[in-house]
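Working notes for the structure below.
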Amino acid sequence: MSAGPARRLGAVVLGALLLAASLSPANAAVRTGAGNGNGTGTAVGAARPPSEVPSAVGNWLTDPARKVYLTRQPDLNWKRGTPPTGTTITVDETRKYQSMEGFGASFTDSSAWLVGTRLDRGRRETAMRALFGQRDGIGLSFVRQPMGASDFAVNGNYSYDDMPAGQTDPTLAHFSVDHDRAYVIPVLRDALRINPRLTLMASPWSPPGWMKTSDSMVGGTLKPEAYQPFADYFAKFVRAYADAGVPISYVTPNNEPLYVPAGYPGLDLGPDKEATFIRDHLGPTLRKAGLPTRILGYDHNWDVVSYPESLYADPATSRYVAGTAWHCYAGDVRAQSLSHNNFPGKPAFHTECSGGTWEGDDAAGFAGAMSLVVGAPREWAKSVVRWNMALDGDNGPTNGGCLTCRGVLKVTKDADGRWNWSRTVDYYALGHASKFVRPGARRIASSAPAAGTDGAVQNVAFVNPDGSKALIAFNPGRSAATFHVRWGHRWFDATLPAGSAAPYTWRGTQDATASDGTLGTTDVHFERPGKAALTVSWDADLLSRLNQVRVNGSWLGYSLPTGASLQAPVASAPLPRTNWTATASASSPDDPPRQAIDGDPATRWSTGHGMTPGDWFQVDLGASTTFDELHLDTSASPGDFARGYEVYVSEDGKSWGEPVARGGGATQLRVLFPPVTGRYVRIVNTGSSGSWWSIHEADVLAATGSGSGPGSGGEQPPAANADLLRRTATTPDGTALEVYYNAGDQAATFDVTWADTTYRYRVPAGASATFTRAD
64 MSAGPARRLG AVVLGALLLA ASLSPANAAV RTGAGNGNGT GTAVGAARPP SEVPSAVGNW
124 LTDPARKVYL TRQPDLNWKR GTPPTGTTIT VDETRKYQSM EGFGASFTDS SAWLVGTRLD
184 RGRRETAMRA LFGQRDGIGL SFVRQPMGAS DFAVNGNYSY DDMPAGQTDP TLAHFSVDHD
244 RAYVIPVLRD ALRINPRLTL MASPWSPPGW MKTSDSMVGG TLKPEAYQPF ADYFAKFVRA
304 YADAGVPISY VTPNNEPLYV PAGYPGLDLG PDKEATFIRD HLGPTLRKAG LPTRILGYDH
364 NWDVVSYPES LYADPATSRY VAGTAWHCYA GDVRAQSLSH NNFPGKPAFH TECSGGTWEG
424 DDAAGFAGAM SLVVGAPREW AKSVVRWNMA LDGDNGPTNG GCLTCRGVLK VTKDADGRWN
484 WSRTVDYYAL GHASKFVRPG ARRIASSAPA AGTDGAVQNV AFVNPDGSKA LIAFNPGRSA
544 ATFHVRWGHR WFDATLPAGS AAPYTWRGTQ DATASDGTLG TTDVHFERPG KAALTVSWDA
604 DLLSRLNQVR VNGSWLGYSL PTGASLQAPV ASAPLPRTNW TATASASSPD DPPRQAIDGD
664 PATRWSTGHG MTPGDWFQVD LGASTTFDEL HLDTSASPGD FARGYEVYVS EDGKSWGEPV
724 ARGGGATQLR VLFPPVTGRY VRIVNTGSSG SWWSIHEADV LAATGSGSGP GSGGEQPPAA
784 NADLLRRTAT TPDGTALEVY YNAGDQAATF DVTWADTTYR YRVPAGASAT FTRAD
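In my numbering, the protein residues as written are 64 to 838.
Structure below.
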């Protein structure tokens with residue numbers, strides 16, 4: 064945008080973030096420390112004592128273009144010293160992150176029926192060993208089970224307590240898992256026999272219809288009087304499966320609670336309803352029953368981070384929530400890392416992502432699966448779960464849902480009429496990790512070349528419980544990628560053809576560490592007496608997604624986890640919308656810009672096309688006005704928020720100058736910035752997505768001239784709080800970090816002084832807050 068007249072800043076100005084001493088003892092008591100000891104200097108740290116020569120590097124190749132699948136290649140040999148110039152992946156096992164629970168898929172009713180009833184005994188055993196065997200298969204170690212019918216069921220909808228229309232069963236007198244005893248439970252028991260370390264989780268697509276407002280498994284929400292029967296339903300299911308020899312480690316309250324399909328089971332269960340169900344019913348019921356099964360929240364897409372975080376922000380709910388279950392169908396896998404950094408004590412699980420014919424040929428399907436296998440654990444996931452374990456030649460049997468999904472196996476009839484099975488690209492993609500990464504393995508640091516560069520190889524690395532290492536690498540490019548893998552003072556060369564992948568495995572002791580600059584990440588650690596240390600990890604891309612304001616030549620950033628707040632000393636209130644007009648770069652005919660400022664949250668403006676960088680929405684305030692805050696609410700279309708934003712202000716609507724604020728976007732976006740004066744405010748989308756960009760309500764706010772916030776004289780500084788931990792660090796590009804973690808069981812407040820202005824920050828229990836300054 065063209066340069067414009069300088070903006071007039073008001074008396075309250077955000078200044079330089081005082082990283083060295085932003086909190087005085089009178090404001091808060093914190094335990095302080097540095098982020099890590101790796102620094103930003105040399106690429107490899109001081110050598111350790113001499114170690115044994117590491118083993119040769121084993122590697123297995125999948126190259127769909129040449130029909131080569133998970134095939135052993137000649138071992139690679141280590142070299143000592145510094146690798147030559149070129150693309151290098153650096154692995155550092157001294158930096159350890161989440162432990163892995165496993166990789167797998169779901170035995171939907173359709174999948175279990177195909178494997179359990181269509182295949183004869185010999186072929187069924189061979190298929191199960193190919194899936195779950197470590198020596199003669201790929202060692203899958205995580206299975207997610209639908210509780211009742213999903214969109215893949217052989218004979219339509221069913222639950223474990225179906226009743227005739229109009230009848231109810233609040234005592235669950237008719238509860239039974241007998242449907243599953245025919246073929247679902249048997250295949251799960253076979254899987255556990257072959258791999259005793261298998262982890263199982265379960266998710267309903269819908270409660271029994273009589274519990275819902277629709278009196279059907281299709282549509283509707285949970286009746287208020289059904290919350291406790293639904294919790295009892297879970298307890299009965301977990302106990303019945305355990306009695307059948309199938310222990311359930313995790314459950315989620317419902318699959319995809321923000322999507323209510325019209326043709327197969329689903330449930331409208333917004334975050335407030337799910338919190339009530341977990342806090343007041345499901346959590347206490349499982350605990351009272353003495354069941355060790357843990358609850359994962361959400362079980363939906365990456366695009367609505369506020370949903371799972373809202374469960375953590377309430378201590379009474381959070382105590383029952385062991386982590387978040389994520390799906391891949393909307394948003395960005397980096398949401399897992401952003402949410403992890405906001406609540407570092409709550410792990411991520413990736414629990415559903417289907418491949419399908421929409422992706423194209425086998426090479427394209429393999430690429431999609433490998434991006435998940437690499438990307439989800441790299442962004443803190445403890446599990447990677449595809450959708451159907453097996454489907455037939457028509458991508459079924461289906462139950463009103465996806466007609467183009469692909470299973471891990473394909474079960475079809477031979478020419479002689481006998482049922483047989485074959486592997487799909489999903490099988491091989493999962494196998495690149497599951498065969499070489501054992502349950503209990505820890506993800507370790509590995510560098511990722513910048514996207515778009517020569518040899519931009521996606522990768523993720525692990526150390527197994529026995530000390531063996533595994534680096535999973537995938538080349539998504541259109542040409543072969545040659546690269547070096549560096550581990551301490553040793554390295555080897557490798558080449559991956561276009562679209563191919565390989566696991567690289569070795570044993571030995573690392574003899575040197577790597578710097579932040581080499582790895583591209585900065586880790587900040589919080590030690591807690593008697594508890595495991597927590598790590599918050601930032602890189603340049605993640606930092607760019609923080610809310611940021613530009614002041615005096617510096618960009619000041621801050622995170623705002625769900626439940627957190629940043630309070631200015633003077634309160635702001637929405638400006639009246641009299642004489643406002645709205646315009647946009649593009650609009651759907653049904654969603655014109657004026658609907659974002661009409662006061663009706665049920666209406667919206669939308670682009671009418673998938674988000675493209677440069678899309679903009681603009682408000683003419685009718686006259687030159689001073690303001691300091693902007694709210695964009697997309698709650699009624701939760702996946703349609705801008706994937707990145709910049710805020711511009713202009714007096715004439717032509718000269719815009721530099722943005723006053725920028726960040727990564729959110730369903731309910733609150734943007735703070737120094738007071739600015741102008742007639743026009745423009746929000747520019749900077750991200751890409753297949754979703755439309757929508758705004759249901761846009762508000763511009765200005766200071767009221769009075770308040771009781773910090774620095775106003777009407778409120779005392781926060782009391783000392785020993786549970787509030789503080790760390791500082793500097794990233795390789797010089798960005799200063801200041802990170803707080805609330806280790807207590809209640810929300811904590813502290814004052815943040817930016818130049819001459821003091822803000823009050825509230826951080827929920829278990830949450831982390833990050834502040835940045837980049838010149």
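Every residue gets a Cβ at the ideal spot worked out from N, C-alpha and C, and that includes glycine.
Q. Does DSSP classify His242 as helix, strand or coil?
A. As a working note, residue 242 is residue 179 in the sequence shown. It is helical.
Q) Any Cβ of chain B within less than 8 Å of the Cβ of Pro324? A) The structure shown has no chain B; it contains just one protein chain.
Q | Closest residue to Gly342 among Asp556, Gln291, Arg302, Trp569 (Cα-Cα distance) | A | Position 279 of the sequence shown, counted from the first residue, corresponds to residue 342. Position check: residue 342 holds Arg in this sequence, whereas Gly was assumed. Comparing Cα-Cα distances from Arg342 to each of Asp556, Gln291, Arg302, Trp569, the minimum goes to Gln291.
Q) Do the CB positions of Trp668 and Ile758 come within less than 8 Å of each other? A) Working through the sequence shown from its first residue, we reach residue 668 at position 605. Working through the sequence shown from its first residue, we reach residue 758 at position 695. Contact flag set, yes.
Q. Can we count Pro795 as close to the ligand GDP, meaning its CB is less than 7 Å from some heavy atom?
A. Absent from the structure shown: the ligand GDP. Ligands present: none.
Q: Keeping to the same chain, check which residues put their C-beta closer than 6 Å to that of Ser600; ignore five residues upstream and five downstream.
A: For the purposes of this step, residue 600 is identified with residue 537 of the sequence shown, where counting begins at 1. Closer than 6 Å at Cβ, skipping near neighbours: Thr584, Asp586.
Q. In the DSSP assignment, what residue or residues form a beta bridge with Pro209?
A. By 1-based counting over the sequence shown, the position of residue 209 is 146. Partner(s): Ser266.
(Q) Taking 8 Å as the limit between beta carbons, can you name the residues of its chain near Glu709, skipping five residues before and five after? (A) Counted from its first residue, the sequence shown places residue 709 at position 646. Closer than 8 Å at Cβ, skipping near neighbours: Pro722, Ala724, Arg725, Ile746, Val747, Thr749.
Q.
Which residue wins for smallest C-alpha separation from Glu422, given the options Met433, His413, Thr414?
A. Here residue 422 refers to the residue found at position 359 when the sequence shown is read from its first residue. Per the Cα distances, Met433.
Q: Taking 8 Å as the cut-off, decide whether the C-beta atoms of Gly211 and Pro267 are in contact.
A: The residue given as residue 211 occupies position 148 in the sequence shown. The residue given as residue 267 occupies position 204 in the sequence shown. Contact flag set, yes.
Q.
Let me make sure I understand the geometry here. Which of Ala564, Leu321, Ile535, Trp550 has the alpha-carbon closest to that of Ala543?
A. As a first step, residue 543 is located in the sequence shown; it is residue number 480 there, counting from the start. Checking every option, the nearest Cα to that of Ala543 belongs to Ala564.
Q | Secondary structure, beta strand (DSSP E): runs of 3+ residues fully inside the stretch 438–470 | A | 446–451
Q | Exposed unless 16 or more other CB atoms sit within 10 angstroms - verdict on Asp678 | A | As a first step, residue 678 is located in the sequence shown; it is residue number 615 there, counting from the start. Asp678 should be labelled buried.
(Q) My parser needs the alpha helix (DSSP H) runs of 4 or more residues fully inside the stretch 660–708; what are they? (A) none
Q: Output the distance between the C-alpha atoms of Gln809 and Asp786, rounded to the nearest integer angstrom.
A: Mapped onto the sequence shown, residue 809 falls at position 746. Mapped onto the sequence shown, residue 786 falls at position 723. So the two alpha carbons sit approximately 10 Å from each other.
Q.
Please tell me whether Ala577 and Thr153 are closer than 8 Å, where the distance is taken between their beta carbons.
A. Start at 1 with the first residue of the sequence shown, and residue 577 comes out as number 514. Start at 1 with the first residue of the sequence shown, and residue 153 comes out as number 90. Result yes, Cβ atoms of Ala577 and Thr153 sit closer than 8 Å.
Q | Assigned secondary structure, Thr356 (DSSP; H/G/I helix, E/B strand, else coil) | A | Counted from its first residue, the sequence shown places residue 356 at position 293. Looking at Thr356 - three-state DSSP - the assignment turns out to be coil, as it is neither helix nor strand.
Q) Should Leu606 go down as buried or exposed, given a rule of 16 or more other Cβ atoms within 10 Å for buried? A) Position 543 of the sequence shown, counted from the first residue, corresponds to residue 606. So Leu606 ends up on the buried side.
**Q.** Limits of the alpha helix (DSSP H) - the one that Val488 falls within
**A.** For this step, residue 488 is matched to residue 425 along the sequence shown. Membership of Val488 in the alpha helix (DSSP H) is indicated by the continuous run 488–497.
(Q) Just to confirm, is the Cβ distance from Gly464 to Asp126 under 8 Å? (A) For this step, residue 464 is matched to residue 401 along the sequence shown. For this step, residue 126 is matched to residue 63 along the sequence shown. The answer is no: Cβ separation not under 8 Å.
Q. Alpha carbon to alpha carbon, what distance is there between Arg198 and Ala533?
A. Your numbering for residue 533 matches position 470 in the sequence shown. Your numbering for residue 198 matches position 135 in the sequence shown. Between Ala533 and Arg198, the C-alpha separation is close to 17 Å.
Q. Among Ser222, Leu263, Gly272, which one has its Cα closest to the Cα of Gln845?
A. This structure cannot settle anything about residue 845, because the visible part of the chain is limited to 64 through 838.
(Q) Per the DSSP calculation, Glu415 is bridged to which residue(s)? (A) Translated into the one-based positions of the sequence shown, residue 415 becomes position 352. Answer is His390, bridged to Glu415.
**Q.** Three-state secondary structure assigned by DSSP to Lys839
**A.** Outside the shown range of the chain (64 to 838) lies residue 839, about which nothing can therefore be said.
Q. Cα separation between Arg823 and Thr171?
A. What you label residue 823 is simply residue 760 of the sequence shown in a count that begins at 1. What you label residue 171 is simply residue 108 of the sequence shown in a count that begins at 1. Approximately 49 Å between the Cα atoms of the pair.
Q) From which residue to which residue does the alpha helix (DSSP H) around Trp176 run? A) Taking the sequence shown and counting its residues from 1, one reaches residue 176 at position 113. Counting along the chain, the alpha helix (DSSP H) containing Trp176 begins and ends at 172–176.
Q.
Could you compute how far the alpha carbon of Ala254 sits from the alpha carbon of Leu263?
A. In the sequence shown, counting from the first residue as 1, residue 254 sits at position 191. In the sequence shown, counting from the first residue as 1, residue 263 sits at position 200. Taking the straight line from one Cα to the other gives about 10 Å.
(Q) Whether or not the stretch 458–474 and the stretch 173–193 are in contact is what I'm after, with contact meaning three or more pairs of Cβ atoms, one per stretch, closer than 8 Å; do they touch? (A) yes
Q.
As a quick exercise: from Lys351, Gly530, His363, pick the residue whose alpha carbon is nearest that of Glu319.
A. The residue you call residue 319 lines up with position 256 of the sequence shown. Measuring from the Cα of Glu319, the nearest candidate turns out to be His363.
**Q.** Three-way DSSP call (helix, strand, coil) for Phe736 in this model
**A.** Residue numbering aside, residue 736 sits at position 673 when the sequence shown is read from its first letter. Three-state DSSP puts Phe736 in a strand.
Q. Given that a residue counts as buried once 16 or more other Cβ atoms are within 10 Å of its Cβ, and exposed if not, what is His403?
A. In the sequence shown, residue 403 corresponds to position 340, counting from 1. So His403 counts as buried.
Q) Whole-angstrom Cβ separation of Ser144 and His552, contact assumed at under 8 Å? A) Mapped onto the sequence shown, residue 144 falls at position 81. Mapped onto the sequence shown, residue 552 falls at position 489. A quick correction: the sequence has Gly, not Ser, at residue 144. Confirmed, Cβ separation roughly 7 Å.
Q) Do Ile507 and Lys159 have their C-beta atoms closer together than 8 Å? A) Taking the first residue of the sequence shown as position 1, residue 507 is located at position 444. Taking the first residue of the sequence shown as position 1, residue 159 is located at position 96. In this structure, Lys159 lies closer than 8 Å to Ile507 by Cβ.
Q.
With DSSP as the reference, identify every bridge partner of Gly741, one or two as the case may be.
A. Counted from its first residue, the sequence shown places residue 741 at position 678. Note: Gly741 sits in a beta bridge opposite Thr688.
Q | Reduced DSSP category for Phe406 - H, G, I as helix; E, B as strand; rest coil | A | As a working note, residue 406 is residue 343 in the sequence shown. It is coil, neither helix nor strand.
Q: Taking 8 Å as the cut-off, decide whether the C-beta atoms of Pro499 and Ser446 are in contact.
A: Your numbering for residue 499 matches position 436 in the sequence shown. Your numbering for residue 446 matches position 383 in the sequence shown. Note on identity: in this sequence residue 499 is Phe, with Pro being the wrong assignment. In this structure, Phe499 lies away from Ser446, with their beta-carbon atoms at least 8 Å apart.
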